[in-house]
RNA sequence: GGUGAGGUAGUCAAGUGGCCAACGACGGCGGACUGUAAAUCCGCUCCCUACGGGUUCAUAGGUUCGACUCCUAUCCUCACCA
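Numbering (the numbering used here), first residue to last: 8 to 406.
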């Protein structure tokens, strides 16, 4: 039983530090029903969760299955200070209201995966506000600059001459201090968080918390491009609240190689099942497209319903496999004659008339399924189906 | 605070008085081929009802017939020194 739990917990992890501790915690749970705490931090700067986050959430859900209470830590303190990556110095500092709003949408999304009953939402401003400048300095004295520069992210930026704000040095410390305050037994995070996660262990030791937290790291999920990590700002993400059609389509657009990563990190199929599927594809008995469709179906159904997922699949087949027109197309209307390029911009399927002209010239624009070749075309009264490329559609009614 | 280097399109990066709306690479978009995959090939890539016009090379001024290129001030980044 413990073996099984361990196996499931280890699935897909990139690295585990202090495996023994985890085994002991599980043993205590199975033998004496003792619960333990697993901490995970979330940054409430953006209100939307994507599949990259759910890798972590799914792992937390697994822990909940085996006796854990989740400390769902909201970085409310850090969010009011500014952007921790320093990449974008101009990013707005969030107001309390923004944060509250973000957190609300955040948690409702998270509870699609997590068990609410076994989750404690905690806010780090509650104890970090109280720390004060003296406490902050004392905290900072736990670490040297040289040690701080060991962090991959910092050393890279330092050598590449990208600015690092002094305040950024505080983030790992603050995150570590959260673990001190919460006396977390385990903390999980992405591999990019390794330094910060370890800081928790070090600080727990310095502040004499009885036991250091075990650390479990999940790999970073690649985005749709298969290269960079999934993130909203890169636009290569699948959002938890994406429409079923989008979600299904996005999953299907990933490359075959990437598909296996998604299987491992996102699917609930067992590892054995997955390797069976993989073999099937390799020896040609399974078509990769079919396999990918199944994955897309599973993921879409998790966040919507099986029915909606199946509808999405049907819609997808209709539009792409048979290149028919989608069911729901946004409708626009205008008065009087309108120039085709302008119409495309007004319908939000082209960013500028210049771009529209280029696409027309290249044969990428269709009206009612017919290629448009005249870039000076004026649309007279009537209803039109406009299309740019393969996937952008709009209906326009000219009065 | 001092000295030096630097800030060019989504990103990286050429360009050092007219040939510059600005080489190239990546990304992105359109097309072909496909499984809306990958790979490959072709084209496009500031805006504007456009063989023309407008606005760009950190910001604000100046010199010049003419500036991304020269001058001045300001802001920002990096390195070394303090």
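Just so you know, even glycine gets a beta-carbon here, dropped at the ideal spot from N, CA and C.
- For a cut-off of 8 Å, the C-beta gap from residue 186 to residue 194 is around 6 Å, short enough to register as a contact.
- Here residue 298 is actually not in contact with residue 341; their C-beta atoms are around 45 Å apart, not less than 8 Å.
- C-alpha of residue 377 to C-alpha of residue 253: approximately 26 Å in a straight line.
- In this structure, residue 269 and residue 281 do not form a Cβ contact; the two beta carbons are roughly 10 Å apart against a cut-off of 8 Å.
- Under the three-state reduction of DSSP output, residue 165 falls in the helix class.
- A Cβ-Cβ distance of about 6 Å is found for the pair residue 227 and residue 198, placing them in contact under the 8 Å criterion.
- Its Cα nearest to that of residue 229, the residue 244 stands out among 217, 120, 244.
- Cβ contact annotation for residue 356 (same chain, cutoff 6 Å, sequence separation greater than five): 395, 399, 401, in chain order.
- Within the same chain, Cβ atoms closer than 6 Å to the Cβ of residue 203 are found at 179, 182, the five residues on either side in sequence being excluded.
- Rounded to the nearest whole angstrom, the CA to CA distance from residue 61 to residue 383 is 48 Å.
- Here residue 170 is exposed: its Cβ has fewer than 16 other Cβ atoms, across all protein chains shown, within 10 Å.
- Beta-bridge partners of residue 81 (DSSP): 49, 130.
- The beta carbon of residue 316 sits closer than 7 Å to those of 251, 255, 304, 307, 308, all from its chain and outside the five residues before and after it, given in chain order.
- If you draw a straight line from the Cα of residue 146 to the Cα of residue 105, it comes to about 29 Å.
- According to the DSSP assignment, residue 395 belongs to the beta strand (DSSP E) that extends over 389 to 395.
- Taking the C-beta atoms as reference points, residue 55 is found nearer than 8 Å to residue 239.
- Annotated three-state conformation of residue 196 is strand, per DSSP.
- Look at the region 22 to 68 and you find these whole runs of beta strand (DSSP E), each 3 residues long or longer: 22 to 24, 43 to 49.
- Looking only at 300, 132, 142, 47, the smallest Cα-Cα distance to residue 223 is reached by 47.
- Residue 82 is classed as buried because its beta carbon has at least 16 other beta carbons within 10 Å across all chains shown.
- Annotated three-state conformation of residue 222 is strand, per DSSP.
- Exclusion of the five residues before and after residue 371 leaves 395, 396 as the residues of its chain whose Cβ lies within less than 7 Å of its Cβ.
- Fewer than three Cβ pairs drawn from the region 345 to 362 and the region 282 to 293 lie within less than 8 Å of each other, which leaves the two stretches out of contact.
- Residue 30 holds the alpha-carbon nearest to the alpha-carbon of residue 192 among 386, 296, 30.
- Across the structure, residue 65 and residue 207 are spaced so that their CA atoms are roughly 22 Å apart.
- Here residue 158 carries a coil assignment [DSSP, helix/strand/coil].
- In the DSSP assignment, the residues bridged to residue 346 are 385.
- Residue 219 sits buried, since 16 or more C-beta atoms from the chains shown fall within 10 Å of its C-beta.
- Straight across, the Cα-Cα distance linking residue 110 with residue 127 is about 13 Å.
- If you check the CB distance, residue 74 and residue 114 do not come in under 8 Å.
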